[in-house]
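In terms of full-length UniProt numbering, the sequence shown is residues 1 to 195.
Since the structure comes first, as structure tokens, the remarks are kept for the end.
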Amino acid sequence: MDWYALFKERIYRIFLEVVKAKAGMKDFVYERKKIENRRRRLRQYKFERRLQIASTMVSLARELGNEEQYFCWSQILDSLKRLDVVGMSDDEEVLDIRGQQGIIVYEPAFRNVEFNAVYDRVDSTRETEKHIFTPVGRKRLPRLRGQERSERSPPVNLPRSYYHPDYLDAMEKGVVANVAIAGDEETAIPRYDIT
């Protein structure tokens, strides 16, 4: 191992940070990575929370023998596992003109918009099923759908129905990266129509 080169590289980075600090320069690459890492952690948290809610509801429906709820929650759980963390939307906390906090939600460009209603209902399950889930943390902030969409590559082998029609067109035209689509199965988007 070349200790001299490692030491020299480390000293160079320290001096570079000092020079940038004196000049008032910001490391925009570092800031961009920091923001992206934060978004990735929030998507991971959102995915794990939704997975936990869906698996709890599947177990509960199985124990109660409610086949309709069991089928519905099983479909939701399957869709979560297929979309994975990449299929979760990005959030941005904002203040409105009156100083009230809210969250703008930016859905992935590839994901079918019908998932919005499904996952909104999954997220609200913790509030509606208080006898199952213990409320923890701060009160949920109001959410608004953003006009923009998050641009990232989808997971491979998703069913065609999981894609936004515009994204499928863009893939066929070569505007976005082509990914493998599960062509041998026709999977419907889960419906959350249980009362």
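Where is the CB? At the ideal position from N, CA and C, for every residue including glycine.
On a predicted model such as this, the values are computed, not experimentally measured, just so you know.
Alpha carbon of residue i to alpha carbon of residue j, nearest angstrom
i	j	result
Leu16	Ile104	36 Å
Ala182	Met1	47 Å
Ala177	Arg32	23 Å
Thr125	Val29	39 Å
The alpha helix (DSSP H) enclosing residue i, as first and last residue numbers
i	result
Asp166	Pro165 to Lys173
Leu64	Phe28 to Leu64
Residue from the options with nearest C-alpha to residue i
i	options	result
Arg140	Leu6, Gln100 and Glu151	Gln100
Asp84	Ser161, Tyr45 and Val19	Tyr45
Val136	Arg49, Phe28, Val113 and Glu36	Arg49
Pro159	Thr125, Asn112 and Asp123	Asn112
Val86	Thr125, Arg121, Arg43 and Pro165	Arg43
Beta-carbon proximity list for residue i, same chain, < 8 Å, skipping 5 on both sides
i	result
Thr56	Ile132 and Phe133
Sequence-distant residues of its chain with Cβ nearer than 7 Å to residue i (five each side left out)
i	result
Arg149	Tyr106, Glu107, Pro108 and Ala109
Gly146	Ile104, Val105 and Tyr106
Spatial neighbours of residue i in its chain, beta-carbon cut-off 6 Å, leaving aside the 5 residues before and after
i	result
Glu63	none
Glu151	Ala109
Span of the beta strand (DSSP E) around residue i
i	result
Ile103	Gln101 to Tyr106
Glu93	Asp90 to Leu95
Arg152	Counting along the chain, Arg152 falls outside any beta strand (DSSP E), and DSSP gives it neither H nor E.
Proximity below 9 Å, CB of residue i to CB of residue j
i	j	result
Val118	Ser79	yes
Ser153	Val175	no
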